[in-house]
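Heads up: the structure comes next, in structure tokens.
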Amino acid sequence: MTQQARHGTAPVPLIDMAPFMRGDAATRRDTARQFGRAFEETGFAAIVNHGVSARLADQVYAQAKAFFALPLDHKSQLMPPEKVKGRGYLPMGIESVAATLDGETPPDLCEALVFASLQRERDGRGQRNLWPSEPPGFEQNINAWFDAIHGLCGRLMRMSALALDLPEDWFDACFSEPALTLRFVNYPDQPVEPRPGQLRYGAHHDYGGLTILRQDNAPGGLEVCDLQGRWHDVPVIADSFVINVGDLMQRWTNGRWRSTLHRVSNPPRDLTGSTQRLSMVAFTGPEESTSVECLPSCCDAAHPARFEPVIAGEYIQGKLRSSMELTAPASSR
9 MTQQARHGTA
19 PVPLIDMAPF
29 MRGDAATRRD
39 TARQFGRAFE
49 ETGFAAIVNH
59 GVSARLADQV
69 YAQAKAFFAL
79 PLDHKSQLMP
89 PEKVKGRGYL
99 PMGIESVAAT
109 LDGETPPDLC
119 EALVFASLQR
129 ERDGRGQRNL
139 WPSEPPGFEQ
149 NINAWFDAIH
159 GLCGRLMRMS
169 ALALDLPEDW
179 FDACFSEPAL
189 TLRFVNYPDQ
199 PVEPRPGQLR
209 YGAHHDYGGL
219 TILRQDNAPG
229 GLEVCDLQGR
239 WHDVPVIADS
249 FVINVGDLMQ
259 RWTNGRWRST
269 LHRVSNPPRD
279 LTGSTQRLSM
289 VAFTGPEEST
299 SVECLPSCCD
309 AAHPARFEPV
319 IAGEYIQGKL
329 RSSMELTAPA
339 SSR
């Protein structure tokens, strides 16, 4: 797509989760409705008082930063042989997330470390993730971070159910073992000017349920696109998470909740000093065999279902293949 102009700061609503976590039924429902309105209007919300330890977040952030500072030959030992996005180290140059919308595009200017389905690995039912030996204690804290985000995902889905006029436990069954992927993303300094149309992370929609992001305040950050095609910066709020709607949740809600176009911009070329950015992202979704079809509270005779049912895991894998295949050299396709 064309590069639209930036236009100020995004109106991302701030939701205090404390009333939902500790309030009475009426207070919980009111907080949930605020949460739902944010997704109807912008597809994004920021949350505070969410129950995730700030100390743990700071520890994991520091260790992830130390990992990305390691030499490339060390990090590359964690590359999966098939170079898929599902787990392990993904170096610069092999991914273009905007390809899911626009076809062939320049590679994104980032590297990532990805962990998936830790609950299945722990009990021997799933493929083992590729674990870094450095920095010390990183594996232990990644596991603790997974558990913290797993708990937050459960709270968010219960709040979502109330926001969508459903019983609070509506999503419990299909999120008892959610599709939960942790992705640590490093956006290095840019000593060489990017190619035309090349971004830290290209314009895209997320694919799954709700995305959970802990961002830092480095320049060159998250931007969202409004209905008029204008790009807005998403402000950084201390000890918060940014939550946004993915395609599966948009389909589930019959378009009531918006899967909003967003990207990670390049830092200004005239800045001095480091512009390195590190984001800690969790992609959530229902168990992979879940049939995602219009929720009963989101359609009626006047508003029929707009989307065909899809199987959650199949839908996500198709999107992931698109973002990788279109960046591969012609000889390897």
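Take the position in the sequence shown, starting the count at 1, then add 8; the result is the number in this note's numbering. We put the CB at the ideal spot given by N, CA and C, even for glycine. For clarity, every value in this text was computed on a predicted model and none was experimentally measured.
Asked	Found
Exposed unless 16 or more other CB atoms sit within 10 angstroms - verdict on D81	exposed
Top-ranked residue by Cα proximity to P275, from E147, C118, D131, P317	C118
Simplified DSSP assignment, three categories, for W239	strand
Pairwise C-alpha distance: S104 and D203	Checking the displayed sequence, the identity of residue 203 turns out to be Arg instead of Asp. Whole-angstrom Cα-Cα distance: 13 Å.
Option in N137, V232, P199 with minimal Cα separation from L190	N137
S141 - partner residues in DSSP beta bridges	According to DSSP, S141 bridges with nothing at all.
Neighbour-count burial assignment, N225, 16 or more Cβ in a 10 Å radius	exposed
Residues sharing a beta bridge with D24, DSSP	V56
Beta-carbon separation (whole angstroms), E48 vs R266, contact threshold 8 Å	7 Å
Buried/exposed call for Q71, threshold 16 Cβ in 10 Å	buried
Alpha-carbon to alpha-carbon, A309 and Y323	27 Å
Under 8 Å between C-beta atoms of G282 and D197	It should be pointed out that residue 282 corresponds to Ser in this sequence rather than to Gly. Their beta carbons are under 8 Å apart, which means S282 touches D197 by this criterion.
Integer Cβ distance of S273 from G321, believed to fall under 8 Å	About 31 Å; that fails the 8 Å criterion.
Where the alpha helix (DSSP H) through R285 begins and ends	Not the alpha helix (DSSP H): R285 falls in the beta strand (DSSP E), residues 285-293.
Contact set for E231: own chain, Cβ-Cβ below 8 Å, skip 5 residues either direction	R14, A18, W239, H240, D241, V242, H270, R271, V272, S273
Three-state secondary structure assigned by DSSP to E185	coil
Supposed close pair V68, I157 - CB separation, criterion 8 Å	That pair is no contact at about 10 Å.
DSSP state of N194 mapped onto helix, strand, coil	strand
Burial state of D32, where buried means 16 or more other Cβ atoms lie within 10 Å	exposed
Rounded C-alpha distance that separates W178 from M100	40 Å
Through-space distance from D180 to M165, alpha-carbon basis	8 Å
Residue burial classification, I251 (beta-carbon count within 10 angstroms, cutoff 16)	buried
Closest residue to A54 among I245, P88, D131 (Cα-Cα distance)	I245
Distance, C307 Cα to A313 Cα	6 Å
Inter-stretch contact (C-beta, 8 Å, three-pair minimum) for the segment 205-222 and the segment 251-265	yes
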